[in-house]
Amino acid sequence: MESFSLAAQHAGAIQHTHIIRLDPSAIAAARELRIAITVIVAGWVAITGLRAFFGRLVSEFDKHVEIDKRDFAAVEFLLRKGRRQLEVYSSPGVKDIRS
Numbered sequence: 461m462e463s464f465s466l467a468a469q470h471a472g473a474i475q476h477t478h479i480i481r482l483d484p485s486a487i488a489a490a491r492e493l494r495i496a497i498t499v500i501v502a503g504w505v506a507i508t509g510l511r512a513f514f515g516r517l518v519s520e521f522d523k524h525v526e527i528d529k530r531d532f533a534a535v536e537f538l539l540r541k542g543r544r545q546l547e548v549y550s551s552p553g554v555k556d557i558r559s
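Going by the working numbering, the first residue of the sequence shown is number 461, and it counts up by one from there.
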């Protein structure tokens with residue numbers, strides 16, 4: 461059995477410690493639950509980030525939809541700009557993409 465202690469401070473001069481004893485199966489279940497919650501939260505964060513990224517991508521295309529496809533200078537400029545933005549967004553320091 462594994463035990464955990466919890467120090468409690470109550471109003472007044474009484475201070476004592478609560479000891480909680482758990483059997484190994486309860487501890488294993490708690491660890492599995494913690495791992496499952498961590499995986500779910502990490503997945504949710506990843507999906508939220510991908511949605512934001514693709515939303516930003518679509519908005520950039522929509523912003524420049526009126527440019528003529530034969531205007532090679534403008535198209536090349538936007539491609540270069542998009543590559544630079546992608547390099548910036550790919551750096552490890554970037555945590556969120558907002559407009």
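Cβ atoms here follow ideal geometry from the backbone N, Cα and C, with glycine treated the same way.
Assigned secondary structure, residue i (DSSP; H/G/I helix, E/B strand, else coil)
| i | result |
| --- | --- |
| R530 | coil |
| I487 | helix |
| I507 | helix |
| I495 | helix |
| I500 | helix |
Close-in-space but distant-in-sequence residues of the same chain around residue i (CB under 8 Å, 5 per side omitted)
| i | result |
| --- | --- |
| I500 | none |
CA-to-CA distance, residue j to residue i, given in whole angstroms
| i | j | result |
| --- | --- | --- |
| V548 | I527 | 25 Å |
| I495 | F532 | 52 Å |
For residue j and residue i, believed in contact at Cβ under 8 Å, the rounded distance
| i | j | result |
| --- | --- | --- |
| I557 | R516 | 5 Å |
| L538 | H524 | 6 Å |
C-beta neighbour in chain B for residue i, strict 7 Å
| i | result |
| --- | --- |
| G515 | Here chain B cannot be found, since the structure has a single protein chain. |
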